[in-house]
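Using our numbering, read the sequence shown as starting at 4 and increasing by one per residue.
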Amino acid sequence: MARNKRILLVDDDPEIVESMRTVLEAKGYDVMVARDGNQGLALAEREMPDLLILDMMMPKKSGFLVLERLKGKDAKTRKMPTIMITANEGGRHRAYAEMLGVEEYIRKPFALDKLLSSVDRLIGPKPSDDDDEEKD
C-alpha cells in the first residue's frame, strides 16, 4: 500500500494551523506542524516532507529566511515543493518568494479549496487504496 503524502505546515497562527490540518488530514495527507521558522526548518531538513506550506511572517525566523536555507544552492531540500501563505499584499514579497523557488503564493484569508487544489497540483491527490489491489 502506498504511503500517504506528508505535508509540513509552518505557521504561528493556531486557528489557521488547525483549519488547514483538519482539511488536509480529511483528504488523507499526513500533516506535521511547526509553530515558528526555526522548528519548521529543523523539521523540513529532518523529515523531508513531500510538501511545505510556509507562512511568511513568523517569530524567530521568517518564511523568507527558511526558504533561503531550504532552497539554497547546496540544500538537499532545494526541490521540495513549497506553498507560501501570507497576509502581506506587497508585490515585491511575492516576487522575492518566487525568486527563492516557491511554487504557489497564497494570500490570507483564502478559501481552503484553493489550498487543496494547489496541494493536489503540486504533489497529486492522495493515492486510493484501489491502486494497490488487483481488479476483478
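All residues carry an ideal CB built from backbone N, CA and C; glycine is no exception.
Just to confirm, are residue i and residue j a CB contact at a threshold of 8 Å?
{"i": "Glu50", "j": "Met35", "result": "yes"}
{"i": "Ile56", "j": "Tyr32", "result": "no"}
{"i": "Lys111", "j": "Thr89", "result": "yes"}
{"i": "Met23", "j": "Leu118", "result": "yes"}
{"i": "Met83", "j": "Ala29", "result": "no"}
{"i": "Gly104", "j": "Val69", "result": "no"}
Considering only DSSP beta bridges, list what residue i is partnered with.
{"i": "Val122", "result": "None, per the DSSP bridge assignment."}
{"i": "Arg49", "result": "DSSP output for Arg49 lists no bridge partner at all."}
{"i": "Met59", "result": "According to DSSP, which records beta bridges pairwise, Met59 is partnered with nothing at all."}
{"i": "Arg110", "result": "Thr89"}
{"i": "Met35", "result": "Leu11"}
{"i": "Leu54", "result": "Ile10"}
Apply the 10 Å Cβ neighbour rule to residue i and answer buried if 16 or more other Cβ atoms are within range, or exposed otherwise.
{"i": "Glu107", "result": "buried"}
{"i": "Asp53", "result": "buried"}
{"i": "Thr25", "result": "exposed"}
Alpha carbon to alpha carbon, what distance is there between residue j and residue i?
{"i": "Ala148", "j": "Glu101", "result": "Residue 148 lies beyond the range of the chain shown here (4 to 139); nothing can be said about it."}
{"i": "Val13", "j": "Arg97", "result": "18 Å"}
{"i": "Ala78", "j": "Tyr99", "result": "18 Å"}
{"i": "Phe113", "j": "Gly75", "result": "28 Å"}
{"i": "Met59", "j": "Ser65", "result": "6 Å"}
{"i": "Lys8", "j": "Glu92", "result": "30 Å"}
{"i": "Met61", "j": "Gly40", "result": "6 Å"}
{"i": "Ala122", "j": "Leu27", "result": "The amino acid at residue 122 is misidentified as Ala; the sequence shows Val. Each residue's alpha carbon lies about 9 Å from the other."}
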